[in-house]
Amino acid sequence: MIGYFSKVYKVAAALVTGHLITLKYMLKPSITIHYPTEKLTPYERFRGALTFDAATCISCSMCVKACPSNCIALENAVSEAGKKVAKVAWYSIDFGKCNFCRLCEESCPTKPKSVWHSLDYEVVFASRDEMVRCWKKDFPFIGKYFDRRTQDFKDPEGQVCIHEVPPRRS
Amino acid sequence: MTQDELLAKMQKKFPKAAKTAVQVKDYLTVSLPSKDDLIPVAAWLKKEGFDYLDMLTAVDYLGPVDMKGYIRQANFNVFLPEGAAPQAESAAVAGYAYRPVLELVWAFVSMKDKARIFVKLEVPRDAARAPSLSGLFKSADWQEREVFDLFGVVYDGHPNLTKILTPDFLQGHPLRKDYVHIKDRYDE
Amino acid sequence: MTAPKPAPAKAPLPEPVLNRKNGILMADRRWPTDQWAHPWSLPGYRNGALMLAGIILGILGGGALIGELSKWGDKLYALMAAFATAKGISTVAVDAVWVAIKVLIVLHVILVNGLWSIWWERKISAHIQSRVGPTYAGGFHGWAQTICDGIKLFLKEDITPAAADHWVHALAPAIVIAPCIAAFAPVLFGTDLAAARLDVGTLYVFAFAGISVIGVVMAGWASGNKYSLLGGLRAAAQIVSYELPRGFSVVPVIMFAGSLDLSVIADAQSGYWWGVAPRWFVFYPVVGQVAFLIFLIASIAETNRTPFDIPEAESELVGGFHTEYSGMKWSVFFLAEYAYVLLASFLLATFFLGGGGSPLPWAPFTLVPSWIWMLSKAMFMMFVFLWVRWTLPRLRVDQLMDFNWKFLLPWSFANIAVAGLYLAFWLK
Amino acid sequence: MTSEAATAAIPALRSDQLFVNLGPQHPSTHGVLRVGLTIEGEVIVKAVPDIGYLHRGTEKLAEARGYHHCVVLTDRWDYVASMPNNLVFCLAAEKLLGVKATPRADALRVMMCELNRIASHLLFVGTYGIDIGAFTPFLYAFREREMILDLFEMVCGARLTYNYIRLGGVMVDVTPEWTAKLKEFLEYFKPKIDEYDQLLSYNPIFMARTQGVGLITAAEAVSWSLSGPNLRGSGVVYDARKADPYCGYENYDFDVVVGKEGSCWDRYFCRVTEMRQSVRIVEQVLAKLPEGPVMAAGVAKIPKPAPGEAYAHVEAARGDLGVHLVSDGGVSPFRMHVRAPSFLNLAILQEKLVGMKISDVIALLGSTDIVLGEVDR
Chain A
1 MIGYFSKVYK VAAALVTGHL ITLKYMLKPS ITIHYPTEKL TPYERFRGAL TFDAATCISC
61 SMCVKACPSN CIALENAVSE AGKKVAKVAW YSIDFGKCNF CRLCEESCPT KPKSVWHSLD
121 YEVVFASRDE MVRCWKKDFP FIGKYFDRRT QDFKDPEGQV CIHEVPPRRS
Chain B
1001 MTQDELLAKM QKKFPKAAKT AVQVKDYLTV SLPSKDDLIP VAAWLKKEGF DYLDMLTAVD
1061 YLGPVDMKGY IRQANFNVFL PEGAAPQAES AAVAGYAYRP VLELVWAFVS MKDKARIFVK
1121 LEVPRDAARA PSLSGLFKSA DWQEREVFDL FGVVYDGHPN LTKILTPDFL QGHPLRKDYV
1181 HIKDRYDE
Chain C
2001 MTAPKPAPAK APLPEPVLNR KNGILMADRR WPTDQWAHPW SLPGYRNGAL MLAGIILGIL
2061 GGGALIGELS KWGDKLYALM AAFATAKGIS TVAVDAVWVA IKVLIVLHVI LVNGLWSIWW
2121 ERKISAHIQS RVGPTYAGGF HGWAQTICDG IKLFLKEDIT PAAADHWVHA LAPAIVIAPC
2181 IAAFAPVLFG TDLAAARLDV GTLYVFAFAG ISVIGVVMAG WASGNKYSLL GGLRAAAQIV
2241 SYELPRGFSV VPVIMFAGSL DLSVIADAQS GYWWGVAPRW FVFYPVVGQV AFLIFLIASI
2301 AETNRTPFDI PEAESELVGG FHTEYSGMKW SVFFLAEYAY VLLASFLLAT FFLGGGGSPL
2361 PWAPFTLVPS WIWMLSKAMF MMFVFLWVRW TLPRLRVDQL MDFNWKFLLP WSFANIAVAG
2421 LYLAFWLK
Chain D
3001 MTSEAATAAI PALRSDQLFV NLGPQHPSTH GVLRVGLTIE GEVIVKAVPD IGYLHRGTEK
3061 LAEARGYHHC VVLTDRWDYV ASMPNNLVFC LAAEKLLGVK ATPRADALRV MMCELNRIAS
3121 HLLFVGTYGI DIGAFTPFLY AFREREMILD LFEMVCGARL TYNYIRLGGV MVDVTPEWTA
3181 KLKEFLEYFK PKIDEYDQLL SYNPIFMART QGVGLITAAE AVSWSLSGPN LRGSGVVYDA
3241 RKADPYCGYE NYDFDVVVGK EGSCWDRYFC RVTEMRQSVR IVEQVLAKLP EGPVMAAGVA
3301 KIPKPAPGEA YAHVEAARGD LGVHLVSDGG VSPFRMHVRA PSFLNLAILQ EKLVGMKISD
3361 VIALLGSTDI VLGEVDR
């Protein structure tokens, strides 16, 4: 008999302690970040979308070899005199296959890095063409994408980087 | 008990089970001459305390992997209309003993004295047959179905040897080195 | 060798636009430890709390307004009667109009409760789970959320599955909601503030509350899919078996009060022991607490809420008996559930917490009108319903049945016996 | 229709079996798993798990990639706790290369794997609570898990697919500010585990739903070669960190958590107590974190290990994760087989589910804590 009542008491006590915990957290403020108005700034080492700076790139194609899923493609520039120049004719990153593993940034020999991960986690593409972002001679810093329907280069309509220009890493 | 004691005890019971040339790094590896020794060896090991069949797999020693077995669908790149050059050309390494054989590997673990032993059996690639251990170890059931699905090794005495991982419409056994991918409706 | 051409002065890369809100860089204020260290600095938190208090006072004020109007009920009736005789209309018409007004008021209590309690449950469950709940609808802490949901559900397409039996499928929600509204007739909203003063009030309420199980089973069977069939059968077994302990746990209250009439039960609880403790039935030494708990648990089971929400267990039956409903028909089920929760809270307040009476005899408390006390007690009991729902896991079907037949029912009988002893020796 | 024809038309009343598909889209199958259940009333007569929906052929992919590139592949197996995936591949490759990670790298590896185990068990506690019907523990568990993911984001930049543990060491060293934040997390987290116990583990309804349900005896567990909390829940004392210590686990003291009868509650409680052990380990690692470089010298950019075979196994969150690597001396591994614990933990369902009720199916399926990325590879 006593065992029965002590069991009932234990069950009731366990239920009440559970309720007190939920009450405790009800009175604490919520920890929600309201996304569109309050955006989180990722930490400094965050691996967001790749960005590329054609000025400092010496087209050594180390990043092409380092990329596991073969996303990066580039072509060495040739000066008018037909001599190879340490510049890039064009450079393209296929964001559809990039798996944000930072191997390309680590293999890039230039100082500061010419391909690096920005802090942008809002990587959104309106179409599959937009996934392949290209850099050429006079393209803006963000680069353009080639739209097969209209056969011309366009600015990326999707979410532009959360930061206009991410912090450079030496 | 150290590897040598285990090997000695095993060779006393099964003289034909020889220590393989290529040992799995710091574990004992034993190879069996023919597929009928497998069940007795497994039963003896189970009695000896190796009652945990940790892993069951196969390796195809035919040669370097055939690149046509991979699906390469890069997004359209305006500068490379015909698609990027494949990255890693798998080349044969000179002097490595490629041989047209499927090597089946079993790993038994004895939890009491924390020992592990690898048992190997070489099986011809075309008529790859081996006795099924699902009678002794229940976990062999799914692992053997996986090796059948990916390598095409038929395990005699298996309750229901059917495909487990690859989709039904996929022909051929993907993990064989000479596997060539046949275009199906999911390839653009 | 010409001097190396100075590199063209490149425009410095613009500084990244980092995110500040109220001066706080969102990167460093991320961990709960920081946010709980100084809660009031959070932008939305302080006025959120004030707002919540404001809304509760607003609702109480609204209730008070209706309560105030009904105080002059008799004068209003006399006025109408005089007007009718002046115009030569028969008194029957006056009675009809008078009943129509009362029905309208009770119907609106249920509908406003639908809006209020759904929103309140979402806010309470959110803050229990340290998230925020509806915030954007209506600008200020999502007060218009339920109204928007209502409109959305009204505009949603009303799908009747092909395999369904159309008549039964359409009729089921009606049969679930109708008894619930009818059951509100004798319910007390303050001291002698009820739509109809029945001397068999308790019996009437339990009789009507039992009818809606037919609607649930009809919904389960008519939807024509396996999961809702299972859900409907489980609901039938659960609601019917929890009717018993719910009814028997009220018997001690009726024995003490001496009558089934709700207002007599409420008046029997007026007065104070030793001048301080109110003579509520919940404070009767053992009988009160046991009866209160059994009635509370049985009411939670009656309204299919966790830990007894077997019929619509998401992780098993996907949606239970109202899987195939959408649009207004689905919202009628939803409204019925919250109407039953309101009914149960009002009954708990009337039976055990002395509906309408103030807990303390001193001046400031007794001046507060009785409807405010009744409404706040009911709201507290509804909070307990919500609190239980967001804390406890779900029982299995057979455990639920064992718990009812082997624990609740025997103890409610024992409780009646002890109440009999009280009557014999103590309350003579 | 005359009444005789009508009565003739009604088949003899027999209770036939209902075929119900549990999944592949179902709220509690934790991924793309379809279990074909044949039920009679509420009792299950036959259960056929059908997997392969998430099969991406990582073993075939590995044969065409370099060793550094395969480490990126390993993140995608058990995506809930992917640090041990990286670790097990790196251990096997280091055995082939004959390279030894530096002591500081070993300590960091142990710390990251234990933190990842806590994060994975937190996800288990949350989703298992929802399976049994309690919604609130899920939010609390994810609030703590976010803090661990922040720590990972601070040190290696990713929150799920870390690619942090590399051949010969670790990607990058931790900053003193990171260790301070980690201490702050540990202090915050210890009382939280007791709260989960009060809120869920010792909750009578939860115990009624899980104790005595889905009993797996020790012999069955060994025969089905389960591993991790599923094996230890049935009372078998086998933990790869104790049986086959790697990365210096032998000089941290922690005890192997063992359950009693192999019920769902035992497996659940093994994981909750394991979180406490992991906190102990992380504290010990933090206490004596050795100095020195984090990446061993001598690992080539494109490693070509000598021909040979290696097998390494690690106590991952879900069980005994192993990698069998065969190298023919070429650029990419000749054969990589992944011994996935979830694949074997799932196999036991087809025998255990027969005769159970529907709500117990969800309890048993949840308690084995499988991740489909690792089952299908």
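Residue numbers (my numbering), protein chains in the order written: chain A, 1 to 170; chain B, 1001 to 1188; chain C, 2001 to 2428; chain D, 3001 to 3377.
Each residue gets a CB set at the ideal place from its N, CA and C atoms; glycine is no exception.
Predicted model, so just to flag it, every value in this text is computed and none were measured.
Could you have a look at M3171 (chain D) and say whether DSSP puts it in helix, strand or coil?
Three-state DSSP puts M3171 (chain D) in coil, outside helix and strand.
Can you check whether the CB of E3144 (chain D) is closer than 8 Å to the CB of K3192 (chain D)?
Yes. Within cutoff.
Check the Cβ of I2128 (chain C) against every Cβ in chain D and list those closer than 7 Å, keeping chain order.
Going along chain D in sequence order, the residues near I2128 (chain C) (Cβ under 7 Å) are T3136.
Apart from the five residues just before and just after D1223 (chain B), which ones in its own chain have a Cβ nearer than 7 Å to its Cβ?
Residue 1223 (chain B) is absent from the model: chain B starts at 1001 and stops at 1188.
Check whether the Cβ atoms of S1953 (chain C) and A2207 (chain C) lie closer than 8 Å to each other.
Here chain C covers residues 2001 to 2428 and nothing more, so residue 1953 (chain C) does not appear.
For chain C, is any of its Cβ atoms less than 8 Å away from the one on S107 (chain A)?
By this cut-off, S107 (chain A) is not an interface position.
So V1078 (chain B) contacts chain A; which residues on that side make the cut at Cβ distance below 7 Å?
In chain order: C134 and F146.
According to DSSP, simplified to helix, strand and coil, what is N70 (chain A)?
N70 (chain A) falls in the coil class under three-state DSSP.
Just to confirm, is the Cβ distance from L2188 (chain C) to F2346 (chain C) under 8 Å?
Yes. Within cutoff.
Measuring alpha carbon to alpha carbon, tell me which of C:F2308, C:T2323 and C:L2360 ends up nearest F2385 (chain C).
Comparing Cα positions, the closest option is C:F2308.
At 3 residues or longer, and completely inside the segment 3297 to 3350 of chain D: list those beta strand (DSSP E) runs for me, N to C.
You should have 3308 to 3316, 3319 to 3327 and 3335 to 3339.
Count the other C-beta atoms from every protein chain shown that fall within 10 angstroms of the C-beta of W1106 (chain B), then say buried if there are 16 or more, exposed otherwise.
W1106 (chain B) comes out buried.
Do E1122 (chain B) and E1103 (chain B) have their beta-carbon atoms positioned less than 8 Å apart in this structure?
Yes, the Cβ-Cβ distance between E1103 (chain B) and E1122 (chain B) is below 8 Å.
Report yes or no: is there a C-beta of chain A within less than 8 Å of the C-beta of P3204 (chain D)?
So yes, P3204 (chain D) belongs to the interface.
Within the same chain, show all residues whose beta-carbon is closer than 7 Å to that of L1038 (chain B), passing over the 5 residues directly before and after it, in chain order.
The residues are L1032, L1121, A1130 and P1131.
What's the gap between the Cα of N2415 (chain C) and the Cα of A3221 (chain D)?
Near 48 Å, if we compare the C-alpha coordinates of A3221 (chain D) and N2415 (chain C).
Measuring CB atoms only, is the segment 66 to 78 of chain A touching the segment 94 to 102 of chain A, in the sense that at least three cross pairs come out at less than 8 Å?
Counting Cβ pairs under 8 Å, three or more are found: they touch.
Pick out the complete beta strand (DSSP E) segments inside the segment 88 to 146 of chain A, 3 residues or longer, and give them in chain order.
With a minimum length of 3 residues, the continuous beta strand (DSSP E) runs that stay inside the segment 88 to 146 of chain A are 115 to 117 and 132 to 135.
Short of 6 Å in beta carbon distance, which residues of its chain neighbour A2419 (chain C), apart from the five on each side in sequence? Order them along the chain.
These residues qualify, in order along the chain: P2252, M2255 and V2287.
Taking only beta-carbon atoms, is A3347 (chain D) less than 8 Å away from chain C?
No, A3347 (chain D) lies away from the interface with chain C (no Cβ there is under 8 Å from its Cβ).
So, is the C-beta of L3122 (chain D) closer than 8 Å to a C-beta in chain C?
Taking Cβ atoms only, chain C never reaches closer than 8 Å to L3122 (chain D), which makes this a no.
Which of the three DSSP states, helix, strand or coil, is assigned to F1137 (chain B)?
It is coil, neither helix nor strand.
Counting only beta-carbon separations shorter than 8 Å, does N99 (chain A) have a partner in chain D?
Yes - at least one Cβ of chain D is within 8 Å of the one on N99 (chain A).
DSSP on W2143 (chain C), reduced to helix/strand/coil?
Residue state, collapsed to three classes: coil.
Considering only residues of the segment 1031 to 1088 of chain B, which uninterrupted beta strand (DSSP E) runs meet the minimum length of 3 residues and lie entirely inside it, listed in chain order?
Complete beta strand (DSSP E) runs here, min 3: 1052 to 1060.
Rounding to the nearest angstrom, what Cα-Cα distance links I3148 (chain D) and L3115 (chain D) in this structure?
Rounded to whole angstroms, I3148 (chain D) to L3115 (chain D) spans 7 Å at the Cα level.
On the criterion of 16 or more Cβ atoms from any shown chain inside 10 Å, does D2261 (chain C) qualify as buried, or is it exposed?
Burial call: buried.
Determine the burial state of G2231 (chain C): buried for a count of at least 16 other Cβ atoms within 10 Å of its Cβ, exposed for fewer.
By the 10 Å Cβ count, G2231 (chain C) comes out buried.
Out of curiosity, what's the CA-to-CA distance linking S2412 (chain C) and F5 (chain A)?
Their backbone Cα atoms lie some 16 Å apart in a straight line.
Tell whether a beta-carbon distance below 8 Å holds between F125 (chain A) and M131 (chain A).
Cβ atoms of F125 (chain A) and M131 (chain A): closer than 8 Å.
Note down, in chain order, each residue of its chain lying with its Cβ closer than 8 Å to the Cβ of E3187 (chain D), except the 5 sequence neighbours on either side.
If we look at E3187 (chain D) and ignore the five residues flanking it on each side, it has no Cβ neighbours.
Mark G3322 (chain D) as exposed unless 16 or more other C-beta atoms lie within 10 angstroms of its C-beta, in which case mark it buried.
Buried, by the Cβ-count rule.
Going by DSSP in three states, E3146 (chain D) sits in which element: helix, strand or coil?
In this structure, E3146 (chain D) counts as helix in the three-state DSSP scheme.
Jot down the residue ranges of each uninterrupted alpha helix (DSSP H) in the segment 3067 to 3146 of chain D, minimum 4 residues, whole runs only, in chain order.
Listed in chain order, the complete alpha helix (DSSP H) runs (minimum 4 residues) inside the segment 3067 to 3146 of chain D are 3067 to 3074, 3083 to 3097 and 3103 to 3132.
Buried or exposed: N3085 (chain D), going by 16 or more other Cβ atoms within 10 Å of its Cβ?
Per the 10 Å Cβ criterion, buried.
Counting beta carbon pairs with one atom in the segment 3285 to 3298 of chain D and one in the segment 3094 to 3108 of chain D, are three or more of them shorter than 8 Å?
Verdict: yes, contact present.
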